[in-house]
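Report on the following structure.
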Amino acid sequence: KNSKELLAQENQVQASKQLALAENYKNRSSLRVGSTFGYREGRQAGSSGLLDYDENYTLFFLKWGLPINNSNRARVNQALAEESLAQAKLLEQKKNIQLTYLKAFKEREALRVHLLASQKKSALYARRLQSALTLLQSGKIDYDEYIAYASSFFDEEIF
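One point on numbering: in the numbering used here, the residue at position 72 of the sequence shown is 1318, and numbering is uninterrupted.
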């Protein structure tokens, strides 16, 4: 679930970034320099009738575009704000995923330590119970003492 949300947020960041770039591109001034070369032929009316002509020509141009109405600036600012917001949400999601992972890792480590302690305690109880059984079999304690000794181990919480 988190990876889908993270991917969606990353896509939102990219879309916001593209929108900001597009709006900024629309709002900039431009300067174009160019030339055109060509050949023309045709007929032209003159004093002695129609005259044939042909000519080679060269045109040079300079085109300067200035944004006169700066209304696009608000859209650029809006797009930049959306990109910043999307970036902040993405960072928040990444931080939450990292915190969730860290919390799960710490809980797993605590359970592992607790399990190791429980295994050691269980092994100790098994050795003590075996010792009590040996004492019972050798006649050093009676059966009631063995039962009391064994039940004291089972009364304690191992896990």
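Built from N, CA and C at the ideal position, the CB exists for glycine as well.
Local conformation of residue i per DSSP, three classes
{"i": "residue 1388", "result": "coil"}
Residue j beta carbon less than 8 angstroms from that of residue i
{"i": "residue 1284", "j": "residue 1299", "result": "no"}
{"i": "residue 1249", "j": "residue 1329", "result": "no"}
{"i": "residue 1336", "j": "residue 1255", "result": "yes"}
{"i": "residue 1378", "j": "residue 1395", "result": "yes"}
{"i": "residue 1339", "j": "residue 1265", "result": "no"}
{"i": "residue 1305", "j": "residue 1281", "result": "yes"}
{"i": "residue 1399", "j": "residue 1375", "result": "yes"}
{"i": "residue 1289", "j": "residue 1301", "result": "no"}
Nearest neighbour of residue i, chosen from the options [CA to CA]
{"i": "residue 1259", "options": "1286, 1333, 1295 and 1391", "result": "1333"}
{"i": "residue 1327", "options": "1389, 1307 and 1267", "result": "1267"}
In DSSP terms, what residue i is bridged to
{"i": "residue 1307", "result": "1280"}
{"i": "residue 1285", "result": "1302"}
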